[in-house]
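Structure first, then comments.
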Amino acid sequence: MTFFEPPNENLRSDGSANDEEITPSKYVTDQVELHLEDAFQGLSRLETNSIDLAIVDPPYGASSTASWAYESKERLAGFGGDWKLTQESWDLITQHESFEGTIRWLQELKRVVRATGSIWIHSTYHNSGFVNVACQLLNVEIINEVVWFKRNAFPNLACRRLTASHETILWAHTGGKKREYLFNYDEAKRATFVGDKLKEADKQLRTVWDISNNKTKEELFFGSHPTQKPLRLTDRLLLIAGKPGGTLLVPFVGSGTELVSGVRYGMNVVGFENKEEFFDLAKRRLENELARAPSLFN
Ligand SMILES: C[S@@+](CC[C@H](N)C(=O)[O-])C[C@H]1O[C@@H](n2cnc3c(N)ncnc32)[C@H](O)[C@@H]1O
């Protein structure tokens, strides 16, 4: 599959020099296009109406050695200013950058995702407000807000807060009032999921999902990512809105979990990751997946 040619110049999407100096690289097969590249730059060159499903797991600006001090120069009306800091360099974004970035990637997704397609967006309380507002500002209709209940969430060590044990996943579409987005309703209704005590077979799938955040040995075989999603979660996103033979877009690839699910589901997949270490990890996982038994849908 060749979706587009990578850029020759090592520039950010706004045209400024990229101080991390990514040397563009790519891994391309019949089914996969994985780019070591800035997502904003890559998204801008995707064709309009070319994507059937997008899964966005953006930097949340969440992990912290946190100073919640606000920088006045970055203050956004109504949002109080900046928050951060983080232990992960890729997550080191200010509140201003988080909101601005959300608007930018959502604008691009609105352009590239077909009216018959849809978008899954991961968030925590650090960025969920931004994502919700961005959807409303850009007229991207939220279909559902899913609560991913992480039964095995890590206890709160400081004992100053409740134990955070969920993430929010928005399901949205770009098709306006016609609501042509694909929903594999029967498959979702029929399904049961190992370990999910809330889903009964032949009952409609609800918006609270009981999914452990544990990763299997196989999922960690080639290495791990600090915010790696479990395949049992991403497989479910595909089951609900995936389209065998269609194209899945993952703008922020990380370890490649969503791309692996997409390949398994028989979709063509395209993704961007700007850290070489994670690009390599995702590539190894995809190579392994493609070498396994052929997809059920191929
Ligand atoms: C939340 S993680 C995704 C984790 C992924 N869902 C998984 O299961 O491994 C976000 C990833 O986006 C990457 N990233 C952040 N900003 C980016 C950008 N502008 N372009 C491309 N990748 C970016 C980070 O390096 C990080 O690996």
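Going by my numbering, the letters in the sequence shown line up with residues 19 to 316, in that order. Heads up, the beta-carbon is just placed ideally off N, CA and C, and yes, glycines get one too.
(request) Tell me whether V50 is buried or exposed, calling it buried when 16 or more other Cβ atoms sit within 10 Å of its Cβ. (result) To locate residue 50, count along the sequence shown from 1; it is residue 32. Burial call: buried.
(request) Run the CB neighbour count on D214, radius 10 Å, all protein chains shown included, and call it buried at 16 or more, exposed below. (result) Within the sequence shown, residue 214 is the residue found at index 196, counting from 1. Burial call: buried.
(request) Kindly indicate which three-state DSSP category E198 falls into: helix, strand or coil? (result) Indexing the sequence shown from 1 puts residue 198 at position 180. It is coil, neither helix nor strand.
(message) I'd like the span of the alpha helix (DSSP H) that includes E295, first residue to last.
(response) In the sequence shown, residue 295 corresponds to position 277, counting from 1. Taken as a continuous stretch (DSSP letters only), the alpha helix (DSSP H) holding E295 covers E294 to A309.
(message) Nearest by alpha-carbon distance to L54: which of A182, L304, G60 and S43 is it?
(response) As a working mapping, residue 54 is identified with position 36 in the sequence shown. Taking only the C-alpha atoms, the option nearest L54 is S43.
(request) Report the residue ranges of all beta strand (DSSP E) runs contained in full by the stretch 161-247; include only those spanning at least 3 residues, in chain order. (result) Taking only runs of at least 3 residues, the beta strand (DSSP E) segments lying wholly in the stretch 161-247 are 184-191 and 226-228.
(request) For G289, collect the residues of the same chain with a Cβ closer than 6 Å to its Cβ; drop the 5 residues on either side in sequence, then sort them by chain order. (result) To locate residue 289, count along the sequence shown from 1; it is residue 271. Cβ within range, chain order: L52, V268, V271 and L277.
(message) Do S279 and L256 have their beta-carbon atoms positioned less than 8 Å apart in this structure?
(response) Position 238 of the sequence shown, counted from the first residue, corresponds to residue 256. Position 261 of the sequence shown, counted from the first residue, corresponds to residue 279. Between L256 and S279, the gap from beta carbon to beta carbon is short of 8 Å.
(request) Using only the heavy atoms of ligand 1, determine whether one of them is closer than 7 Å to the beta carbon of K247. (result) Stepping through the sequence shown from its first residue, residue 247 is reached at position 229. K247 has its Cβ nearer than 7 Å to a heavy atom of ligand 1.
(request) Classify K128 as helix, strand or coil using the three-state DSSP reduction. (result) Counted from its first residue, the sequence shown places residue 128 at position 110. The answer is helix: DSSP assigns K128 an H, G or I state.
(message) Does the structure place the stretch 299-311 close enough to the stretch 66-75 that three or more beta carbon pairs sit under 8 Å?
(response) Two segments are said to touch when three or more pairs of C-beta atoms, one from each, lie closer than 8 Å; by this definition the stretch 66-75 does not touch the stretch 299-311.
(request) With DSSP as the reference, please indicate the residues paired to W138 in a beta bridge. (result) Taking the sequence shown and counting its residues from 1, one reaches residue 138 at position 120. I73 and W189.
(message) Is A145 near ligand 1 - that is, is its Cβ less than 7 Å away from at least one heavy atom of it?
(response) Counting from 1 along the sequence shown, the entry for residue 145 is found at position 127. Sequence inspection shows Asn at residue 145; the Ala mentioned does not correspond to that position. N145 Cβ: outside cutoff for every heavy atom of ligand 1.
(message) I need the straight-line Cα distance from R197 to W138, nearest angstrom please.
(response) Your numbering for residue 197 matches position 179 in the sequence shown. Your numbering for residue 138 matches position 120 in the sequence shown. Per the coordinates, the alpha-carbon of R197 lies some 16 Å from the alpha-carbon of W138.
(request) Report, in whole angstroms, the separation of the C-beta atoms of L180 and A152, which I expect to be a contact under 8 Å. (result) Position 162 of the sequence shown, counted from the first residue, corresponds to residue 180. Position 134 of the sequence shown, counted from the first residue, corresponds to residue 152. In this structure, L180 and A152 do not form a Cβ contact; the two beta carbons are roughly 27 Å apart against a cut-off of 8 Å.
(request) Quick one: using the 10 Å Cβ neighbour count with 16 as the cut-off for buried, is P173 buried or exposed? (result) Residue mapping note: residue 173 aligns to position 155 of the sequence shown, counting from 1. The residue in question, P173, is exposed, as its Cβ has fewer than 16 Cβ neighbours within 10 Å.
(message) For S279, report the span of its alpha helix (DSSP H) as first-last.
(response) Indexing the sequence shown from 1 puts residue 279 at position 261. For S279, the enclosing alpha helix (DSSP H) covers residues T275 to R282.
(message) Given the structure, does S273 come close to ligand 1, in the sense that its CB is under 7 Å from one of the ligand's heavy atoms?
(response) Position 255 of the sequence shown holds residue 273. Yes, since a heavy atom of ligand 1 falls inside the 7 Å radius drawn around the Cβ of S273.
(message) Using a 10 Å radius around the Cβ and a threshold of 16 neighbouring Cβ atoms, would you call K195 buried or exposed?
(response) In the sequence shown, residue 195 corresponds to position 177, counting from 1. Burial call: exposed.
(request) Measure from the alpha carbon of F296 to the alpha carbon of each residue in G119, V281, H243 and P248, then state which is nearest. (result) Here residue 296 refers to the residue found at position 278 when the sequence shown is read from its first residue. Nearest Cα to F296 within the set G119, V281, H243 and P248: H243.
(request) Report yes if the CB atom of S254 is closer than 8 Å to the CB atom of W227, and no otherwise. (result) Along the sequence shown, one-based indexing puts residue 254 at 236. Along the sequence shown, one-based indexing puts residue 227 at 209. Per the sequence shown, the amino acid found at residue 254 is Arg instead of Ser. Contact flag set, yes.
(message) How far does the beta strand (DSSP E) with N286 in it extend, from its first residue to its last?
(response) What you label residue 286 is simply residue 268 of the sequence shown in a count that begins at 1. First-last of the beta strand (DSSP E) with N286: N286 to E291.
(message) Considering just the uninterrupted stretch of the alpha helix (DSSP H) at T252, what are its terminal residues?
(response) By 1-based counting over the sequence shown, the position of residue 252 is 234. Its alpha helix (DSSP H) spans residues L249 to A259.
(request) On the DSSP bridge assignment, give the partners of H114 in chain order. (result) Along the sequence shown, one-based indexing puts residue 114 at 96. According to DSSP, residue pairing for H114 in a beta bridge does not occur.
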